[in-house]
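Written below as structure tokens is the structure these notes are about.
Chains as they are written, first to last, in the working numbering: chain L, 1 to 117; chain F, 118 to 232.
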């Protein structure tokens with residue numbers, strides 16, 4: 001069964017450093033997402049991406065964040081200058097395109113645990 | 118901003134009995150609802166969904182009920198099994214209008230199924 005994969009599983013970085021989190025969405029999916037979950041809190045939406053551009057972003061997704069689909073398979077989240085409060089689990093998700101006004105399911109990857117020291 | 122609420126942080130159920138997890142929402146634009154199961158250090162795993170045109174959807178041991186007028190949905194698991202022990206998240210999104218339909222999650226309910 002196809003699944004979303006993410007690398008690395010755990011990333012430790014120093015405050016102020018840049019990190020890139022990588023995701024390989026399910027191959028026939030066209031919508032891509034990043035979410036995060038700070039320890040003990042709920043899963044929060046960061047950004048959605050479709051047709052090589054951002055569809056929607058939350059207020060968390062400020063200028064320090066960027067997303068890219070550098071090739072036909074990878075989807076990346078970059079944090080330019082990490083802060084302590086960026087420590088969280090980051091989840092990538094993907095969804096097929098649907099038509100006729102229906103909504104399809106988002107499938108999540110296993111997550112990357114980002115620890116900022 | 119608590120557009121999706123799960124008021125019970127935890128629930129304990131005996132093996133073989135029914136587990137009922139509840140979720141309330143406030144945003145009238147939500148038209149599609151999902152339940153995800155999550156184990157520690159793993160991503161959310163999709164369980165079951167329901168669109169607002171239905172009031173019930175069943176898949177094996179899992180049934181989701183939607184009461185749109187009350188803005189309430191529930192997940193029933195019967196019979197409950199020890200492997201069901203996990204955190205369950207309710208999530209909601211607006212009907213796909215051509216946008217990417219972000220999910221808004223509840224805070225989760227930790228289900229423990231006891232032997």
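Idealized CB from N, CA, C, for every residue including glycine.
None of these values were measured; they are calculated from a predicted model.
Check, Outcome
"Specify the secondary structure class of residue 101 (chain L) as computed by DSSP and reduced to three states.", "The predicted model places residue 101 (chain L) with a pLDDT of 48, which falls under 50 and marks its position as unreliable; any figure quoted below should be read in that light. Coil, per DSSP."
"With distances taken Cα to Cα, identify the nearest neighbour of residue 123 (chain F) among F:132, F:197, F:224, F:193.", "F:224"
"Of all the options L:35, L:21, L:89, L:56, which has the alpha carbon lying nearest to the alpha carbon of residue 76 (chain L)?", "L:21"
"According to DSSP, is residue 211 (chain F) part of a helix, a strand, or is it coil?", "strand"
"Check whether the Cβ atoms of residue 185 (chain F) and residue 143 (chain F) sit closer than 8 Å, and answer yes or no.", "no"
"Residues in its own chain within less than 6 Å of residue 150 (chain F) by CB, not counting five upstream and five downstream?", "167, 190, 209"
"Closer than 7 Å by beta-carbon distance: list the chain L residues that pair up with residue 166 (chain F), in chain order.", "105"
"Apply the 10 Å Cβ neighbour rule to residue 35 (chain L) and answer buried if 16 or more other Cβ atoms are within range, or exposed otherwise.", "buried"
"Could you please give me the residues that DSSP links to residue 61 (chain L) through a beta bridge?", "Beta-bridge pairing links residue 61 (chain L) to no other residue."
"Please confirm whether residue 221 (chain F) has its beta-carbon closer than 8 Å to some beta-carbon of chain L.", "yes"
"Starting from the N-terminal side, write out each stretch of the beta strand (DSSP E) that is 3 residues or longer and does not extend beyond the stretch 134-163 of chain F.", "136-142, 147-155"
"Going by DSSP, which residues form a beta bridge with residue 93 (chain L)?", "L:33, L:108"
"In whole angstroms, give me the CA-to-CA distance for residue 173 (chain F) and residue 204 (chain F).", "22 Å"
"Tell me which residue opens and which closes the beta strand (DSSP E) that residue 194 (chain F) is part of.", "189-194"
"Take the Cβ of residue 154 (chain F) as the centre, count every other Cβ of all protein chains shown within 10 Å, and call the residue buried at 16 or more, exposed below.", "buried"
"Between the C-alpha atoms of residue 39 (chain L) and residue 90 (chain L), what's the straight-line distance to the nearest angstrom?", "11 Å"
"Beta carbon of residue 29 (chain L), beta carbon of residue 87 (chain L): below 8 Å?", "no"
"Let me check one thing: in DSSP terms, what residues is residue 176 (chain F) bridge-paired to?", "F:179"
"Among the residues of its own chain, which have a CB less than 6 Å from the CB of residue 139 (chain F), if the five just before and after it don't count?", "191"
"Rounding to the nearest angstrom, what Cα-Cα distance links residue 27 (chain L) and residue 128 (chain F) in this structure?", "37 Å"
"Can you tell me where the beta strand (DSSP E) with residue 76 (chain L) in it begins and where it stops?", "75-79"
"For residue 101 (chain L), which residues of its own chain have a beta-carbon under 6 Å away from its beta-carbon, when the five flanking residues on both sides are left out?", "Its pLDDT being 48, under 50, residue 101 (chain L) is placed unreliably by the model, and the measurement read from it follows with that caveat. Excluding positions up to five away in sequence, the list is empty."
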